[in-house]
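Chains as they are written, first to last, in this note's numbering: chain A, 27 to 407; chain B, 27 to 407; chain C, 27 to 407; chain D, 27 to 407. Every residue, glycine too, gets a C-beta built ideally from N, C-alpha and C. Remember, it's a predicted structure, so these values are computed and weren't measured experimentally.
There are 4 protein chains.
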Amino acid sequence: MAEARKLRMGMVGGGPGAFIGPVHRIAAELDGQIELVAGAFSQSAERSWEAGVRFHIDPARAYADYRQMIEAERKRADGIDFVAIVTPNHVHLPVALAALEAGIPVMSDKPATATYEEALKLEAAVQKSGLPYGLTHTYAGYAMVREARAMCAAGKLGAIRKVAVEYFQGWLSGPLETTGHKQAAWRADPAQSGAGGAIGDIGTHAFHLLEYISGLKVTAINATLRSVVPGRRLDDDCNAFLRMNNGAAGTLACSQVAAGEMNELHLRIYGEKGSLAWRQQDPNRLIMKWLDKPEEIHHAAMNYLSADALAVARVPAGHPEGYLEAFAVLYREFADALIAWKQGQANPLPATLPGIEAGMRGMRFIVRAIESDRKEGWVEF
Amino acid sequence: MAEARKLRMGMVGGGPGAFIGPVHRIAAELDGQIELVAGAFSQSAERSWEAGVRFHIDPARAYADYRQMIEAERKRADGIDFVAIVTPNHVHLPVALAALEAGIPVMSDKPATATYEEALKLEAAVQKSGLPYGLTHTYAGYAMVREARAMCAAGKLGAIRKVAVEYFQGWLSGPLETTGHKQAAWRADPAQSGAGGAIGDIGTHAFHLLEYISGLKVTAINATLRSVVPGRRLDDDCNAFLRMNNGAAGTLACSQVAAGEMNELHLRIYGEKGSLAWRQQDPNRLIMKWLDKPEEIHHAAMNYLSADALAVARVPAGHPEGYLEAFAVLYREFADALIAWKQGQANPLPATLPGIEAGMRGMRFIVRAIESDRKEGWVEF
Amino acid sequence: MAEARKLRMGMVGGGPGAFIGPVHRIAAELDGQIELVAGAFSQSAERSWEAGVRFHIDPARAYADYRQMIEAERKRADGIDFVAIVTPNHVHLPVALAALEAGIPVMSDKPATATYEEALKLEAAVQKSGLPYGLTHTYAGYAMVREARAMCAAGKLGAIRKVAVEYFQGWLSGPLETTGHKQAAWRADPAQSGAGGAIGDIGTHAFHLLEYISGLKVTAINATLRSVVPGRRLDDDCNAFLRMNNGAAGTLACSQVAAGEMNELHLRIYGEKGSLAWRQQDPNRLIMKWLDKPEEIHHAAMNYLSADALAVARVPAGHPEGYLEAFAVLYREFADALIAWKQGQANPLPATLPGIEAGMRGMRFIVRAIESDRKEGWVEF
Amino acid sequence: MAEARKLRMGMVGGGPGAFIGPVHRIAAELDGQIELVAGAFSQSAERSWEAGVRFHIDPARAYADYRQMIEAERKRADGIDFVAIVTPNHVHLPVALAALEAGIPVMSDKPATATYEEALKLEAAVQKSGLPYGLTHTYAGYAMVREARAMCAAGKLGAIRKVAVEYFQGWLSGPLETTGHKQAAWRADPAQSGAGGAIGDIGTHAFHLLEYISGLKVTAINATLRSVVPGRRLDDDCNAFLRMNNGAAGTLACSQVAAGEMNELHLRIYGEKGSLAWRQQDPNRLIMKWLDKPEEIHHAAMNYLSADALAVARVPAGHPEGYLEAFAVLYREFADALIAWKQGQANPLPATLPGIEAGMRGMRFIVRAIESDRKEGWVEF
């Protein structure tokens with residue numbers, strides 16, 4: 027029976043001090059389909075072992091190196107079913123390549139890689155392998171993002187004319203990367219993060235969400251990037267104009283120096299008949315405003331929602347679900363796809379789960395934004 | 027090493043169609059300290075086995091009866107460390123007694139029992155056993171509830187003068203219990219639910235939250251109960267005045283016929299210098315209003331919060347945590363207490379985790395509210 | 027031509043330091059139908075004259091005494107068309123009686139009088155005179171209060187089951203009346219204010235709004251009153267249960283020691299199908315929540331509103347109207363009624379404008395609340 | 027005594043069907059310092075007379091032509107003290123010139139003129155005349171806009187790094203100008219409106235507010251304009267990047283095809299230490315977010331506000347003031363300045379009241395935005 031055991035996850039990254047590793051662990055296990063059984067949590071054997079203890083895994087399966095993990099696990103009868111990559115960006119590619127070459131599916135944090143050149147290599151490897159590859163654009167997992175996407179797909183707004191997405195944080199308002207802060211340090215280091223600062227770290231989320239919800243594609247971009255904090259080597263603030271493939275126009279703004287903001291991801295889409303708005307910090311509500319009838323607030327888990335939105339609700343309306351639950355939706359979809367794939371289904375990933383295509387779009391967003399900024403004008407996407 | 031294995035949970039209740047069982051499973055496992063390994067999920071052996079498959083547990087440990095589970099598990103070397111009770115109310119007591127008699131700690135859904143007489147038996151059994159007993163008053167697990175509690179304890183509001191708590195739902199606006207709806211059916215049946223309808227199901231939450239946050243105790247109550255939906259055998263709407271042990275006055279209102287409300291639990295506390303307000307449907311914010319300075323919004327996971335509030339944050343500010351995370355906080359505290367207890371610590375439950383005392387207060391709330399309603403006046407608490 | 031001149035208002039009260047006098051002046055004149063031409067603004071001739079200068083009226087028409095004003099104005103060809111009473115409560119009756127006896131219509135601040143005995147005299151005088159008498163229950167003038175009222179009248183919520191109104195302020199959290207604060211001083215003085223403190227000052231507003239919007243009548247009340255601030259001679263905090271004439275139950279709470287609240291008047295009505303909520307501090311929105319469709323926000327001045335709500339909109343949607351505009355709606359309706367009355371129409375006051383009947387209900391609310399508090403139980407209304 | 031009479035206003039424009047004329051009348055008279063006594067409300071003598079009757083003015087002072095009004099009024103002993111211009115844009119200049127030449131001060135609706143060439147003429151005339159000239163950038167009159175301005179001036183946010191202002195309406199989502207809708211018709215007609223559509227009508231407000239609150243000046247702009255509705259001759263949607271004179275970067279967006287929006291003017295300013303946000307549709311609150319302390323909501327009329335904000339409050343905190351009150355603040359400041367000017371004070375206009383300089387900035391904004399759009403790139407401001 028397919029459900030008789032949980033899928034086994036091996037994690038790369040997520041050692042002591044990491045933020046996103048524990049998040050992946052919780053998200054993966056939340057719906058009871060996956061268990062973390064192995065990991066190369068740190069490049070230090072000792073720290074990897076420490077993390078393994080904390081995660082309650084078999085100490086023998088806390089590896090000091092991802093290659094070692096892949097090699098050892100593929101030999102086990104109870105070896106891992108997939109690898110979760112939760113490292114800084116520059117490590118995404120080598121781990122993904124190693125896993126894919128070993129025939130092991132991959133669930134990766136975003137952005138797909140550190141550079142566009144790397145992304146092309148990854149894309150080729152994913153395609154060649156035929157293996158499931160998922161990308162954790164977390165916000166795609168929120169029920170009301172699914173609802174917004176369903177609304178656009180159903181044409182409820184009429185033709186889309188105008189889009190606006192912004193993602194504002196304030197936590198890099200000072201030179202945090204010079205203070206020993208681990209999260210800030212790698213994000214501000216081009217060698218680890220890639221060419222994009224804020225645009226890579228959070229701009230890619232905003233970009234993905236915009237295309238994901240609207241169903242449109244960006245065809246041209248005009249971006250201005252700044253490094254507001256003196257000495258910072260990557261952008262920390264970006265404003266961009268967008269042209270969409272249906273003729274709509276848009277804006278995308280992201281910043282990590284928006285002092286006072288926490289994690290303000292806000293998207294609005296305007297059509298002929300009305301508009302929708304969603305805020306990540308108030309995720310269980312979708313605002314719908316209409317030309318000629320009252321504004322509506324659609325609440326998560328209410329019966330009137332689309333099937334897509336209801337499919338991802340775990341608790342009754344009025345019981346807030348949050349960031350971890352959204353993350354877990356992606357893992358749930360990945361788990362379901364893995365099971366289908368093991369049963370022989372080709373292309374098992376559902377359209378709702380971001381994968382390599384979304385990864386390539388995101389990487390292109392980073393390079394096009396930088397190109398546009400240098401040129402001080404529009405570039406085709 | 028204490029962390030070397032997860033604690034093992036056996037669940038009673040939570041079979042197919044249940045709401046709260048899967049919630050307990052997610053909450054218990056969320057922080058990686060506990061795993062569900064056994065269960066008597068249903069009184070039907072087949073349905074219990076079905077649930078076990080869905081939960082990915084060893085089929086041999088999906089029992090048809092809680093007594094059978096307790097007996098079998100206590101003999102195993104890898105037997106359960108505690109029982110989670112997630113049944114309708116009238117089953118709480120027999121399961122708890124059986125577990126305690128077998129020397130197994132208990133984590134129970136609320137209310138503690140179906141009747142006050144049962145509660146007295148439970149209290150005696152818990153005290154006699156010396157075993158850890160936790161009660162899942164979920165809302166006590168929210169970070170900003172902890173913050174509100176810390177604010178009151180620190181006297182930030184000055185002497186408390188006035189409290190107001192309300193818990194409004196609309197899902198029982200019609201006779202849902204007559205339509206085959208499982209959740210509605212047992213809640214509306216005095217034989218399963220006990221003497222309290224809305225006051226037992228949600229009023230006890232409101233009552234607990236009020237005492238939990240304010241640090242005050244109710245000393246007298248004047249309640250009016252109604253069964254608004256024709257034919258309903260238990261109350262579905264309640265308004266109550268409260269007197270608190272410091273002289274403050276208050277109100278408590280709960281309703282399950284407040285059409286249009288989802289899960290609107292809202293608490294306000296007014297002191298000499300200012301007031302606080304918290305809403306479960308917007309749980310990551312605590313509103314503080316002051317006599318002579320700007321209104322403040324305290325956000326979960328921000329550095330300025332109390333140690334108690336920061337202790338339960340899992341993700342950075344602006345990444346919403348919700349109902350499941352709050353629930354998981356209680357399980358985390360219970361797990362920590364279990365480990366301490368196994369290491370010989372007496373009374374290991376922290377003050378932040380509701381236990382038998384909170385359970386007794388809640389049961390008394392139910393009977394006092396009913397007494398007061400019959401008398402049409404005040405009763406001492 | 028009827029519109030060829032503005033109606034002439036004489037004000038009693040509103041001298042230097044007054045809050046509500048200037049508000050009445052603005053409200054009366056806002057829609058261009060009324061002009062302030064005379065006043066007995068203060069019992070001091072000098073201060074009355076000062077106020078007259080500030081109001082730009084003819085110095086000869088700034089009187090030191092309301093009797094003098096009435097006598098002088100009735101002799102003028104361009105004498106006042108009505109008296110606006112904006113004094114402390116205990117002066118309402120003598121001024122109103124003097125005006126009515128002189129055949130001059132009255133627009134009075136609320137409550138109607140200081141005591142219920144006075145109210146009976148006023149009621150008799152109004153009825154005997156046949157003159158228009160309006161009462162400024164300001165909140166009845168908001169567009170979205172009109173919308174809420176129209177919604178209830180049209181049965182949009184189904185049968186009403188539950189009502190809840192609260193009016194919380196914090197400005198009397200300390201003994202402000204002992205500091206020389208004029209507004210606080212008379213409100214805290216039974217000789218000027220009457221038997222009701224907070225219940226008279228703001229409870230009457232809450233009570234009126236509840237009956238005004240719901241279309242229901244209170245038939246019984248169970249109230250508890252407190253004087254929270256030591257030494258205060260009148261109530262400053264009240265909680266009440268209500269029974270309505272259709273069997274619905276309700277609560278009314280008012281407080282002037284709710285530290286941190288400004289002017290939080292909040293009303294909710296729950297019916298079989300849904301509910302509505304309105305907050306005075308966010309007055310241009312009406313929240314409608316439904317059992318089975320999305321929550322709605324109805325915005326002032328949008329075309330989908332009822333005729334009653336649209337009738338009082340002055341500016342397009344999205345241009346906020348506030349307290350003064352709501353106040354002005356009452357004066358506009360009073361002015362229209364005066365013109366109709368001058369043209370011979372009997373009973374010209376529209377049902378939307380509070381008058382003597384509302385005044386009597388409010389006075390009864392005060393005495394019944396006090397009776398109930400003394401009795402510690404229910405009293406028929 | 028200076029206050030012994032009200033200032034006399036003559037209005038040009040504001041005939042039957044007009045929106046902004048009655049608004050100016052209410053605003054001008056609200057604080058009791060000004061009365062409307064004359065007008066050339068329409069180019070039709072009959073319609074002007076009709077408007078005069080409705081405004082209750084002396085029929086002899088309802089003129090068919092602004093020249094006639096100016097000529098007649100200057101001869102009267104009780105002639106007008108200033109002219110209020112409330113016509114479509116293309117009439118602003120001739121009326122203003124005529125008034126200034128006749129020695130009569132001017133209060134004009136915005137934008138200052140229809141074209142930049144006209145604006146230069148106006149500027150010269152104002153400077154030559156030495157007469158008071160005010161411009162009704164309404165939003166500058168809100169108390170919390172004053173508070174925001176004071177906050178920036180006091181450096182509370184630290185150095186400003188980032189600004190964002192948007193002004194979204196949806197009322198022109200369809201071709202309303204082809205349906206006989208008067209307000210839409212002139213706004214969509216270049217001959218009456220000038221070269222700017224949305225950017226002139228509402229973009230100028232957004233632009234003004236940004237400079238007004240931040241204290242910064244725009245030094246370069248990169249704008250894209252669109253006419254989204256087929257057949258529309260002027261822009262109805264605009265996105266712009268801004269560079270500020272202190273090095274900050276910003277965005278300005280305005281749209282009249284943002285379906286579902288009413289009058290959504292929203293401004294945010296980010297500094298080193300924190301940020302502020304203000305929304306016109308929720309005007310009595312100013313949001314302050316900080317790097318390291320709780321978010322604050324500053325409420326209108328509370329004692330902790332700046333003197334500038336308190337100076338314009340009319341009613342206690344919690345009693346909402348709105349659009350008309352903001353408008354009236356500008357008239358109050360203009361009236362005070364007129365009185366000072368009559369008493370011989372040079373340059374009596376306060377810095378808080380927009381005048382010819384703000385008018386010139388706004389006109390430059392329109393032409394620079396259009397230039398930039400044509401060039402598809404940055405232009406110096």
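Query: Contact check, residue 338 of chain B vs residue 277 of chain B, beta carbons under 9 Å; Result: no
Query: Option in A:55, A:405, A:303 with minimal Cα separation from residue 286 of chain D; Result: A:303
Query: Meets three-Cβ-pair contact criterion under 8 Å: the segment 256-263 of chain B and the segment 214-225 of chain B; Result: yes
Query: Start-to-end residues for the alpha helix (DSSP H) that takes in residue 174 of chain B; Result: 169-179
Query: Proximity winner among C:366, C:136, C:357, C:264, relative to residue 282 of chain C (alpha-carbon distances); Result: C:264
Query: Contact set for residue 254 of chain B: own chain, Cβ-Cβ below 7 Å, skip 5 residues either direction; Result: 262, 263, 283
Query: 9 Å Cβ cutoff, residue 28 of chain A in contact with chain D; Result: Only weak support is given to the placement of residue 28 of chain A: the predicted model assigns it a pLDDT of 42, under 50, and the value that follows is read from those uncertain coordinates. It does not; no Cβ of chain D falls within 9 Å.
Query: CB contact check: residue 318 of chain A to chain C, cutoff 9 Å; Result: yes
Query: Check whether residue 129 of chain B and residue 146 of chain B have beta carbons under 9 Å apart; Result: no
Query: is_contact[residue 177 of chain C, chain A] using C-beta, thresh 9 Å; Result: no
Query: Alpha helix (DSSP H) segment containing residue 240 of chain D, residue limits; Result: 230-240
Query: Proximity winner among A:407, A:151, A:74, relative to residue 269 of chain A (alpha-carbon distances); Result: A:407
Query: Distance, residue 183 of chain B Cα to residue 93 of chain A Cα; Result: 57 Å
Query: Residue 14 of chain B: first and last residue of the uninterrupted beta strand (DSSP E) it sits in; Result: The first residue shown for chain B is 27 and the last is 407, placing residue 14 of chain B beyond what the model contains.
Query: Burial state of residue 72 of chain D (16 or more Cβ within 10 Å); Result: exposed
Query: Residue 397 of chain C - containing alpha helix (DSSP H), residue span; Result: 382-401
Query: Partners in chain A for residue 254 of chain D, counting only beta-carbon separations shorter than 7 Å; Result: 187
Query: Beta-carbon gap between residue 193 of chain C and residue 279 of chain C smaller than 9 Å; Result: yes
Query: Continuous beta strand (DSSP E) stretch holding residue 89 of chain C: start and end; Result: Run containing residue 89 of chain C: none; DSSP gives neither H nor E here.
Query: CA-to-CA distance, residue 348 of chain D to residue 341 of chain C, given in whole angstroms; Result: 10 Å
Query: Neighbouring residues, chain B, relative to residue 51 of chain A (Cβ below 7 Å); Result: 58
Query: Reduced DSSP category for residue 115 of chain A - H, G, I as helix; E, B as strand; rest coil; Result: helix
Query: Distance between beta carbons of residue 161 of chain A and residue 385 of chain A, contact taken as under 8 Å; Result: 5 Å
Query: Candidates C:360, C:325, C:195, of which the one nearest residue 57 of chain C by Cα; Result: C:360
Query: C-beta neighbour in chain C for residue 267 of chain B, strict 9 Å; Result: yes
Query: The segment 229-240 of chain B / the segment 167-174 of chain B touching (three or more Cβ pairs under 8 Å); Result: yes
Query: Test: residue 389 of chain A CB closer than 9 Å to a CB of chain B; Result: no
Query: Chain-ordered chain C contacts of residue 344 of chain D [CB-CB under 8 Å]; Result: 195, 287, 288, 289, 290, 306, 307
Query: Contacts that residue 165 of chain D makes with chain B (C-beta to C-beta distance below 9 Å); Result: The premise fails here: residue 165 of chain D is roughly 22 Å from chain B at the closest Cβ pair, so nothing lies under 9 Å.
Query: Under 9 Å by beta carbon: chain B residues contacting residue 322 of chain D; Result: 319, 320, 321, 322, 323
Query: 8 Å contact criterion, which residue 47 of chain C and residue 233 of chain C should meet: CB distance rounded; Result: Actually they do not touch by this definition, with Cβ atoms about 24 Å apart.
Query: Range covered by the beta strand (DSSP E) that runs through residue 304 of chain A; Result: 300-305
Query: First and last residue of the uninterrupted beta strand (DSSP E) at residue 130 of chain D; Result: Segment: none, residue 130 of chain D is in no beta strand (DSSP E) and carries neither H nor E.
Query: Same chain only: Cβ atoms within 8 Å of residue 5 of chain C, ignoring 5 sequence neighbours per side; Result: The question about residue 5 of chain C has no answer here: the residues shown for chain C are numbered 27 through 407.
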